[in-house]
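Numbering (the numbering used here), first residue to last: 1 to 110.
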Amino acid sequence: MEASIDGAASTIKYANPSQRNYIPLIYFNAYVHDIQMQLMLDTGANRTFISQKALNSLRSSKIINQIQREVFLADGYTSIMVYGEVDLSFIMNNIRTSIRALIVKNLCVN
């Protein structure tokens with residue numbers, strides 16, 4: 001797949017633009033249900049995911065919706081199987097917040 005570097009109608013193209021403009025992933029530590037975990041932040045995501053392995057390490061996580069379904073990611077083509085939803089509470093820099101996460105089998109991080 002090719003992409004232009006200076007507009008859609010450009011003739012200057014790169015074969016793999018994601019390798020040319022490498023942006024490192026953002027990781028941070030937080031307490032999820034009082035267990036310290038390393039989280040990955042995807043600033044462009046409109047959904048939150050948690051792997052089954054990470055969820056199993058949490059003591060007080062109650063699955064609220066155990067319906068299995070396929071969801072599509074932001075690119076509109078890539079899909080991932082979801083096995084349920086869970087409400088997570090976490091603390092980061094002494095700020096407590098909560099978020100609903102979709103449960104998936106595996107992620108690139110736990």
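Don't be surprised by glycine CBs; every beta carbon is placed ideally from N, CA and C. Source: prediction; values computed, not measured.
*asked:* Given this structure, state the Cα-to-Cα distance separating LEU41 from ARG69, to the nearest angstrom.
replied: What you label residue 41 is simply residue 41 of the sequence shown in a count that begins at 1. What you label residue 69 is simply residue 69 of the sequence shown in a count that begins at 1. Cα to Cα, LEU41 sits roughly 23 angstroms from ARG69.
_Start and end residues, alpha helix (DSSP H) containing LEU55_ = Residue mapping note: residue 55 aligns to position 55 of the sequence shown, counting from 1. Taken as a continuous stretch (DSSP letters only), the alpha helix (DSSP H) holding LEU55 covers 52–56.
*Beta-carbon gap between ILE64 and ASP87 smaller than 8 angstroms*: If you number the sequence shown from 1, residue 64 lands on position 64. If you number the sequence shown from 1, residue 87 lands on position 87. It is a contact, given that the beta carbons lie within the stated cut-off.
*Candidates ASN94, ASP34, LEU25: closest to ASP43 by CA position*: On the sequence shown, position 43 is the one that residue 43 refers to. The amino acid occupying residue 43 in the given sequence is Thr; Asp does not appear at that position. Nearest C-alpha to THR43 among ASN94, ASP34, LEU25: LEU25.
*Go ahead and pull the three-state DSSP assignment for LEU73.*
As a first step, residue 73 is located in the sequence shown; it is residue number 73 there, counting from the start. Three-state result, LEU73: coil.
*asked:* On the DSSP bridge list, what partners appear for GLY84?
replied: Locating residue 84 in the sequence shown gives position 84, counting from the first residue. GLY84 pairs with ILE103.
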